[in-house]
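Engineer:
2 protein chains.
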Amino acid sequence: MAKKSEETRERILDTSLALFRERGFDATTMRDVASEAGVATGAAYYYFRAKEDLVLAFYLRTADEARELLPEQLAATKELRKRILAIVNLKYEQFAEHRELLTAMLKVGTDPRHPLSPFGKETKAIREESIDWFARALEGTSVPKDIGPYLPRLLWLWQMALLMYWLWDETPGQRRTQKLTEATLDLILQLLKLGSLPLMGPVRKRVVKVLRIAEE
Amino acid sequence: MAKKSEETRERILDTSLALFRERGFDATTMRDVASEAGVATGAAYYYFRAKEDLVLAFYLRTADEARELLPEQLAATKELRKRILAIVNLKYEQFAEHRELLTAMLKVGTDPRHPLSPFGKETKAIREESIDWFARALEGTSVPKDIGPYLPRLLWLWQMALLMYWLWDETPGQRRTQKLTEATLDLILQLLKLGSLPLMGPVRKRVVKVLRIAEE
DNA sequence: CTTTATTTTTGAACGCATTCAAAAACAGCT
DNA sequence: AGCTGTTTTTGAATGCGTTCAAAAATAAAG
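Those protein sequence lines, which keep their order, are chains A and B. For the first sequence, the working numbering assigns the number 1294 to the initial residue and increments by one for each residue that follows. For the second sequence, the working numbering assigns the number 1294 to the initial residue and increments by one for each residue that follows.
1) Between the Cα of S1410 (chain B) and those of A:R1406, A:S1410, A:T1416, A:K1400, spot the shortest distance and give me the residue it belongs to.
2) By the 10 Å Cβ neighbour count, where 16 or more other Cβ atoms means buried, how is R1316 (chain A) classified, buried or exposed?
3) Would you kindly check if the distance between the Cβ of I1440 (chain A) and the Cβ of R1499 (chain A) is under 8 angstroms?
4) If you check the beta carbons only, do R1342 (chain B) and T1334 (chain B) fall under 8 angstroms apart?
5) Determine, for D1346 (chain B), whether the minimum Cβ-Cβ distance to residues of chain A falls below 8 angstroms.
6) Nearest chain B C-beta to V1381 (chain A) closer than 8 angstroms, yes or no?
7) Specify the secondary structure class of S1423 (chain B) as computed by DSSP and reduced to three states.
8) Could you check what DSSP says for G1441 (chain A) in three-state terms: helix, strand or coil?
9) Pick helix, strand or coil for A1330 (chain B), following the three-state DSSP scheme.
10) Please say whether D1462 (chain B) and T1470 (chain B) have beta carbons closer to each other than 8 angstroms?
11) For Y1339 (chain B), count neighbouring Cβ atoms within 10 angstroms of its own Cβ and tell me buried if that reaches 16, exposed if not.
12) Which value, in whole angstroms, describes the spacing of the CA atoms of I1506 (chain A) and S1328 (chain A)?
13) Going by beta carbon distance, what residues of the same chain come within less than 7 angstroms of T1370 (chain A), once the five residues before and after it are set aside?
14) Against chain B, does K1486 (chain A) count as a neighbour if the rule is that its beta carbon must be under 8 angstroms from one of theirs?
15) Would a C-beta distance cut-off of 8 angstroms place L1351 (chain A) and H1391 (chain A) closer than the cut-off?
16) Please work out which residues of its chain come closer than 7 angstroms, Cβ to Cβ, to Q1387 (chain A), disregarding the five sequence neighbours upstream and downstream, and give them in chain order.
17) Please confirm if L1306 (chain A) has its CB atom under 8 angstroms from at least one CB of chain B.
18) How close, in whole Å, do the beta carbons of L1347 (chain B) and L1395 (chain B) come, if the pair is a contact with beta carbons under 8 angstroms?
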């Protein structure tokens, strides 16, 4: 196991992440990465199709970490609010040292043609996994049946929006994002409760209509 | 008036937009633009700080056009739904021939450091103007007092999200986005109506709390 | 009309992501 | 060991956005 090839790949990735953290994503050149990793420039491109591929690799690593940490956290409480916050907060922590990488990701993310977009085909597996964490957080919670199936994906979208806000947030420790996260979450939870009231029937209908249309 | 300098600037911009439309934004090089406009490469950079500056210039032109067209459209009806649709649909039309430019804009838009971000400082004037169209559309409509002041900005945000969706939408004529636009708008309008009910007090409180936090 | 300052234009040069053809290392097979 | 195909590595070359120092055109002042 652990072929030499695989080791080289890891070395390049590790080196790049270290440099990104130290000097920033834009300020780090692929030449830097390669030479610091002790290979020729071309080698970096043998293992990673492009500079942004390194970002994707980083993103995949955060997913690994989530797979390790989240099950425990979700098991620790049945309270939906806490569970969801655990998921979102983990993302914040993971990106805290790599804000610029998130920029790069979102940049790519807006481009429908770019293979590495978090909304694109190539990242489908990891996206579905991320969405699935919200599904697990919801386990045991009763939600209106008609919107239930859409809820995990909606929460994922909500998380993306928050990440974008987080990126712009210059308050120390991104306090403001923290507040916004909790406030919007409280709102969501309240709406879920209210959504079960009979009065809300017509609203739910409209919501479901929107969701049907947007469904991929 | 109409100094030669200004003419050159216009010529470069026109040329670039023509090329962008024909060959696409990425496929068009600054050298292409310059030579097609009959100037040296450097000249393009004398008038536009960067390739994306051309996109900003295009965006400013759409704002000019809006200033010409929208007053009439808004005056034509008092119906809020129609007014808002007029604003949003105009944007779709304006970008229809330049989908890739929108990509470039949104790309830049996610980067807090980039001067040309539609959320950034440099574009504040035009952003506020865009927001103001929604404010005008709302004139004469009664909305809950506490969220009223936030509503134009919220609608602008809603429009940005729709534009992003529009960008990804491959259905002919972006039909799906059209449907989504109307369905979400109907939902918004219904929520506004319901929001005035006393029962909704607590919800409105929460919404306002969110808005206060997010306020720039 | 000179002289001097300012704006505009030029095209070569720079830095960086990315590509590519060729070499080197490796693996499997006889 | 020798042969053949595959994987990995190399570093020079390519293309493009952008910068820059110097020239040219223009405007202002005397």
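From the three backbone atoms N, C-alpha and C, an ideal C-beta is built for every residue, glycine too. It should be emphasised that the depicted structure is a prediction, and the values quoted were computed from it without experimental measurement.
Structural biologist: Straight from the coordinates:
1) A:K1400
2) exposed
3) no
4) no
5) Output row for D1346 (chain B): interface = no.
6) no
7) helix
8) helix
9) DSSP places A1330 (chain B) in the helix class (H, G or I) of the three-state scheme.
10) yes
11) exposed
12) 50 angstroms
13) R1376
14) no
15) Reading the sequence as shown, one finds Phe at residue 1351 (chain A) and not Leu. Yes, they are a contact pair.
16) Only T1355, E1358 meet the Cβ criterion.
17) no
18) The pair is not a contact, with the Cβ atoms about 13 angstroms apart (cut-off 8 angstroms).
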